[in-house]
Amino acid sequence: VLRAMPEDGSRKDSEEFNLQSEYLDRTATRRLRNVASRANVTLNDLLTRDLMETMEEWNRESGGAHRRKLISVVIPTSLRGPADDQLPAANVLGYAFPVRTRKNMRDSQMLLTDLGEEMQKFMAAQHGWLFVQGLMIAQRIPCLMSLSRIMLRHQCMGMAVLSHMGNRLNSISSRLNTVGEGIRVGNMILTEIRCVPPLRHGTHAAAATYIFGGRLMVNLRCDPVTFGVCQTRQLLDRYVARLKRSADEG
């Protein structure tokens, strides 16, 4: 569980839509990608490592950290093949669930290496299909889905969900006209996308990242029942600050 920081007085911003966004400049983005490349991991692995460390630090300061508590992130993974090229990514989707204890996170570089190896094996073996196939099997067993919803309604596999969309806008711009750093879509100019994956019960933060114009954009939304706009912004600022520290290694 990702816990909110203690606050003085009543929070007044919990009803606001708390989607927050921040860019890393081109230099920091390039250095971040170089760090990932030198470590023989993907940028997504680096983003995952830094999000896990940010959440561990946040929980430690908020009083939500315990020795045996796990730090977990849900990562949507595309299962599309050549035959699915025209389908939206959400139509052919699996999930990875990297989980670490606080003890496993003491060595930041080792954590990054382990995440890279785990995700490489996950993608090579197409383990994302296990999640989909598990749901298909469960649906065929009478009452199992209903029973699972009752028994697991307070259980959650991820403190946060992280979706890295890569250079999606760059691929769009190759098919449309560009205006400066924007993309002409009809009579409008698209300059950025602010979106996050959906939040489910028990998952308190959703982050989405993508690169456009050489800059990494980070979007973050937290559970509005637990986090207000102010704390969502604080969590995003910590995540971006950690990403910048990682970039400085490059």
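In terms of my numbering, the sequence shown opens at residue 1 and continues consecutively. Using N, Cα and C, we set each Cβ at its ideal position, and we do this for glycine too. This structure is a prediction, so every number in the text was calculated from the model and none was measured.
Counting C-beta pairs with one atom in each stretch, the region 16 to 26 and the region 66 to 86 have fewer than three that are closer than 8 Å, which means they do not touch. Selection VAL185, MET217 and PHE227 evaluated against THR203 yields PHE227 as nearest (Cα-Cα).
Non-local beta-carbon contacts of SER62 in its own chain, meaning distances under 6 Å to residues more than five positions away in sequence, involve ARG3 and MET5 in chain order. Taking 9 Å as the cut-off, the beta carbon of LEU43 is found no closer than this to the beta carbon of ALA160. Our two residues, LEU24 and PRO98, have alpha carbons roughly 25 Å apart in a direct line. For ARG233, the enclosing alpha helix (DSSP H) covers residues 229 to 248. Spatial neighbours of TYR210 in its own chain (CB-CB distance under 8 Å, excluding positions within 5 residues in sequence) are listed in chain order as HIS164, MET165, GLY166, ASN167, ARG168, LEU169, ILE193, LEU216 and MET217. Per the Cβ contact rule, the region 231 to 249 is not in contact with the region 177 to 197 (fewer than 3 Cβ pairs under 8 Å).
In summary, THR48 is buried, with 16 or more beta-carbon neighbours lying within 10 Å of its beta-carbon over all protein chains present. Put simply, the backbone Cα of VAL179 is about 9 Å away from that of THR191. Relative to THR77, the option among VAL35, PHE122 and GLN86 whose CA is nearest is PHE122.
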